[in-house]
Structure formats: structure tokens, C-alpha cells
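K.L.:
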Amino acid sequence: MSEREIEYDPTGFTLKEAISEAKRCLNCVKPACRKGCPIENEIPAFIRELATGNLGQASAVIARRSNLPAVCGRVCPRERQCEGACVLTEQGKGIKIGKLERFIADMDGELEITPLPKLWDEKGRVAVIGSGPAGLTVAGDLAKDGFRVRVFDAQAEPGGVLMYGIPAFRLPKDVVRREIHKIEKLGVQFKTNIMIGEALTLDDIFKEGFDAIFIGTGNAMAKTLNIEGQHLTGVLQATYLLQMVSLANQGSVDKDEIPVQEGDHVVIIGAGNTAMDAARTAKRQHAATVTVVCRDAEGKMAALPSEIQVAKDEGVNFIPLRNPCQLMGDTCVTGVECEIRAIKVPGEKPEGTGVKEIIPANKVIIAIGQKPARRIIGTTKGIEVDPGGCVVTQDRPYGMTTRRGVFSGGDVAHGAATVVIAMKDAKKVAMGIEQYVEAKKLMEECGLRMKD
Ligand SMILES: Cc1cc2nc3c(=O)[nH]c(=O)nc-3n(C[C@H](O)[C@H](O)[C@H](O)COP(=O)(O)OP(=O)(O)OC[C@H]3O[C@@H](n4cnc5c(N)ncnc54)[C@H](O)[C@@H]3O)c2cc1C
Ligand code: SF4
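According to my numbering, the sequence shown holds residues 86 to 537 in order.
1. Pull up the distance between the alpha-carbon of residue 154 and that of residue 377, whole angstroms please.
2. Report buried or exposed for residue 217, applying the criterion of at least 16 other Cβ atoms within 10 angstroms of its Cβ.
3. Apart from the five residues just before and just after residue 192, which ones in its own chain have a Cβ nearer than 6 angstroms to its Cβ?
4. Rounded to whole angstroms, how far is the Cβ of residue 136 from the Cβ of residue 107, which I believe are closer than 8 angstroms?
5. Below 8 angstroms, how does it come out for the segment 502 to 510 and the segment 208 to 226: are there three or more Cβ pairs, yes or no?
6. May I ask you to list the residues that DSSP assigns as paired with residue 456?
7. In whole angstroms, give me the CA-to-CA distance for residue 477 and residue 415.
8. Whole alpha helix (DSSP H) runs in the segment 254 to 311 with 4 or more residues, listed along the chain?
9. Any chance you could list the alpha helix (DSSP H) runs of at least 4 consecutive residues sitting entirely within the segment 207 to 261, in chain order?
10. What does the Cβ neighbour count give for residue 96, buried or exposed, with the cut at 16 atoms within 10 Å?
11. Does residue 427 come out as helix, strand or coil in the three-state DSSP assignment?
12. Can you tell me whether residue 499 is helix, strand or coil according to DSSP?
13. Taking the beta strand (DSSP E) that residue 359 falls in, what are its first and last residues?
14. Report the partner residues of residue 408 according to the DSSP bridge assignment.
15. Kindly indicate the opening and closing residues of the alpha helix (DSSP H) around residue 437.
16. Which residue's Cα is closest to the Cα of residue 343: 369, 523 and 418?
17. Quick check on residue 122: does DSSP put it in helix, strand or coil?
18. Quick one: is residue 359 buried, meaning 16 or more other Cβ sit within 10 Å of its Cβ, or exposed?
19. Got a sec? Which residues, its chain only, sit under 6 angstroms from residue 98 by beta carbon, not counting five neighbours each side?
20. Any heavy atom of ligand 2 within a distance shorter than 7 angstroms of the CB on residue 124?
21. Let me check you understand the geometry: is the CB of residue 366 closer than 7 angstroms to at least one non-hydrogen atom of ligand 1?
22. Could you check what DSSP says for residue 386 in three-state terms: helix, strand or coil?
23. Are the CB atoms of residue 157 and residue 134 within a distance shorter than 8 angstroms?
24. When DSSP builds the beta bridges, which residues end up paired with residue 322?
25. I need the DSSP call for residue 413, collapsed to helix, strand or coil.
26. Who are the near neighbours of residue 268 in its chain, counting only those whose CB is closer than 8 angstroms to its CB and skipping five residues on each side?
27. Anyone know if the C-beta pair for residue 438 and residue 422 falls short of 8 angstroms?
28. In its own chain, which residues sit with a C-beta less than 6 angstroms from the C-beta of residue 168, not counting the 5 before and 5 after it?
29. Could you check whether residue 302 and residue 214 sit closer than 8 angstroms to each other, using their CB atoms as the reference points?
30. For residue 190, tell me which candidate among 262, 120, 233 and 232 has the shortest Cα-Cα distance.
31. Just the C-alpha distance for residue 279 and residue 459, rounded to the nearest angstrom, thanks.
32. How would you call residue 528, buried or exposed, if buried means at least 16 neighbouring beta carbons within 10 angstroms?
33. Could you tell me if the beta carbon of residue 280 falls within a distance shorter than 7 angstroms of some heavy atom in ligand 1?
34. Please classify residue 300 as buried or exposed, where buried requires at least 16 other C-beta atoms within 10 Å of its C-beta.
35. For residue 426, count neighbouring Cβ atoms within 10 angstroms of its own Cβ and tell me buried if that reaches 16, exposed if not.
36. At the level of alpha carbons, what is the spacing between residue 454 and residue 148?
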């Protein structure tokens, strides 16, 4: 199957459908949808432009707040944000804002209808480490404001989790590439396959003449389960599976190297959105059985209800109220021993019952979260992290770390969140960087230098 076939998603609007959906919008004076959007996208304004067939203007309105509309239109948890807040949602007639945003962004990406942006005018030079939603937002916003930006990433292609985490059946990789191409057209340079902290340090980057550095390296390290058997063959991390499938789709590794294959009996430990992505990916690898095991009760799992429903529809089994206590097997994993939990007092948290059961599996996928890696802070002095490993930042200038001129944002600074939350934070950090560089330049003009 070609990558395009794998990625084909028939759920988007046609032009006629998009315009008729846009015409349903009430154009509320106090738009609740906009309040529900973490980056306060100008939702009624872009819907109004679309309703009159003005796609270019609709896209320009979106671009005022977002550099990644085709991504957000697909992967934002809309039922908890704009669509959940829309005044028509209570009547079951909520506007499909995500699909409209996606339609406009896709049309713009294909037809390139928005006017060419102005080129940089040397307000300063900024290096961005990490090209996930946080790094891309900082890069895009600063480039639009006249900064020269260079983005470094350890991976072969930019995009972070958008490229190597979220599976192609939810977020086609050509869509991510198109968004990055638009950011490139703003004058942003991308340098890939460079691991900062190993190939280059922050001091090396400053020596190249950058005024400020942004660290947006995400949560690169998967958390491990501290239980017996975690090193058995067949036990792997969900992020590793998702990355290998992405690499295989790009042709960078052989499909046989994907760690889940036809006929496997797969148990996923964890019930967040990464677990759902791993489960649905395992189904697409033709695993014989895929079972999600988690400590929480049905209805209390971390993943979005819509994601859980789609996984169930695709044949994923769920066993809630199970606490994994041992992975069974001699050299290869053969099953997961779990303690059964129960809600003993209604309304209280579930507790262990002491009763154990074994769920057979030859592949066990751990999906219990990620945390930041230490490569950069381990090779640079002066950057503090909190006990959870997140980079400590300050409010003025927003996003600056404990080292002057070095800023941080997104998951590496605030813990695992969502694409749009990383973007929201990054937008504020971009403003903090602008203020800092402006002050630095003023001091330089007066013959002064900022202290390190
Ligand atoms: C499997 C999965 C599915 C998800 N699904 C959704 C979803 O549907 N909707 C949603 O809103 N959110 C989702 N999320 C969460 C969302 O993707 C993250 O919150 C978001 O990507 C964080 O953005 P970021 O820019 O901070 O970091 P990341 O996207 O993690 O990007 C960090 C980048 O930094 C690079 N990097 C790391 N260390 C270095 C280094 N030393 N040198 C150079 N480069 C480095 C990495 O290669 C990476 O490209 C999902 C997360 C995962 C893991
Ligand atoms: S709340 Fe709903 S109806 Fe009102 S402006 Fe927003 S999308 Fe339109």
C-alpha cells in the first residue's frame, strides 16, 4: 500500500459542505467558541469569510493566530475546546469548527492562496531547538515579526510529535510537511539530524552570533514501569512503536523492523491518547488481539472519549481496573500479571482487591507518559530544572530560563499537554524573546552588554 493510500482520509468537507456549514454559524457577538480556544483563534471571523467564499481572507484571519491550522483542525481535542463551547452544541447542532479550519488550511496549502509574507528585516537572530508545535510556533511568530530564525532538530524531518508520534491515519505527514513548508517560506531555516547537547552545545550556538535561544525539545524520554520483567524481549515503549511506523512509512527503515507484526497478541499498559494511538496502530499491523489494560475505571481513562470509542470500533479490547504488577516470561514476554481493582465505596478511587490474573501477550507496550531528556541541560551551565525534569522558566520576560538569553516552552517546560497548549505557551515565549532581544539591541547600541 502506498503512503498516500494509508493516509487517505475521506472525512474532510467538500467546498459546498464547508460553505453550508459556515453559513450555520450565528456570528455571536460574544463568541463562546473563541473563548474555548487556547490560542483565541478568530473563529467567527474566519467562518464569516468562508461563508462568503473568501478562502484567502479566511486563511489570512487564521494565520494571525496560528501557524499550524491544518494540524489543529485534525488533532485538537475540540470537544473540550471550541466545539464544546459553541452555543449551538447544547442543541446538538454545534458548528464543526475543526473541520472548517482544516478545510481552509488544506485549500490554502494546496492552492497557496495567502499572499507572500514579508521577509525578515534583521530585528535579531534566534536559534530554536526542537521543531514540534512549540518550536514551529516560536519560529513562525518571530519570522513574521522580522527575526531571522534557525531551527535545529535531532530527527531527519522537522515536526516533532506531529511527524514521529501522532500516526498518519490521524495526521497525514504530507499535511505536516505542508505546514512546515509555509513556515520555511517565512524565511525560517531548518537544520535537521543535529542533536543539540551532543553535536553542538548552547555555547556553540551563542558563539555563532544568535541573540537568543529557545528550547522546545518536548518530552523525549518515555517513562518506564518499575516492575519485574520490564526488560523481557517483546516489551517496548508506545512512542518507539509509533516512531518506527513513521520511519517505515518514510522508507527509512524496513517494514519488518516494526516491533508489532501480524498475529501478535498485544497488551497496551496505559489509557491516554498515546495508548490509543499505539493500540490502533497495532490493529493496523494486523495484530491478532489488542487489549488496553489500565488502573482506572471505565469513564475515567485519560484518553478523549471519542478516541476510546474509535479504538473500540476498530476492535481494541479494554480491561479497566487492572494494576500491572509483573511481566511474565523467561526471555520473551508471555503475559501481564495484574491485580484486579474495584471501587469499594461509590465515588471513591478504586483499590486493589488482592486477586490476580494473567493476561497473555507476546508484545507488551508501555504507554504511561513521557518526561524531558537531559541532553541539553547536562551540557550547559545555568539552566535549572524542577524535580520532574521540566525546565524552570520565569514570567518576565516570559519564558526565559535561569540562563540569560535562553528561553523554553511547550512540553519540556510545562509537562505533557497538547499541541495547542504548546502553541499557546510558545506564542507568549515568542513575545518574551522579542522584548529581550529588543532590550539587548538597545543596550548594544549604547555600548553596553547584557550580563551572562
Ligand atoms: C503519540 C502522541 C499522540 C498525541 N496526540 C495528540 C493529539 O491528538 N492532540 C494533541 O493536541 N496533542 C497530542 N499529543 C501531545 C502533543 O503532541 C504534544 O503536547 C506536543 O507535540 C508538544 O510539543 P513540543 O513542541 O513541546 O514538543 P515535541 O512535539 O515533542 O517536539 C520536540 C522536538 O524536539 C526535538 N529534540 C529533542 N531533543 C533535542 C535535542 N537535544 N536536539 C535537537 N532536537 C531535539 C525532537 O526531535 C522533537 O522534534 C500527542 C503526543 C503523543 C506522544
Ligand atoms: S459560538 Fe458557535 S455559533 Fe457562535 S460564533 Fe462561535 S461557532 Fe459560530
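The beta carbon of each residue, even a glycine, is placed where N, CA and C say it ideally should be.
P.N.:
According to the data block:
1. 31 angstroms
2. buried
3. 140
4. 4 angstroms
5. yes
6. 306
7. 43 angstroms
8. 258 to 270 and 287 to 292
9. 218 to 229 and 246 to 249
10. exposed
11. strand
12. helix
13. Premise fails: residue 359 lies in the alpha helix (DSSP H), 358 to 369, not in any beta strand (DSSP E).
14. 424
15. Unbroken run through residue 437 is the beta strand (DSSP E), 436 to 445; no alpha helix (DSSP H).
16. 369
17. coil
18. buried
19. 184 and 188
20. no
21. no
22. coil
23. no
24. 451
25. strand
26. 152, 221, 224, 225 and 228
27. no
28. 179 and 182
29. yes
30. 262
31. 16 angstroms
32. exposed
33. yes
34. buried
35. buried
36. 32 angstroms
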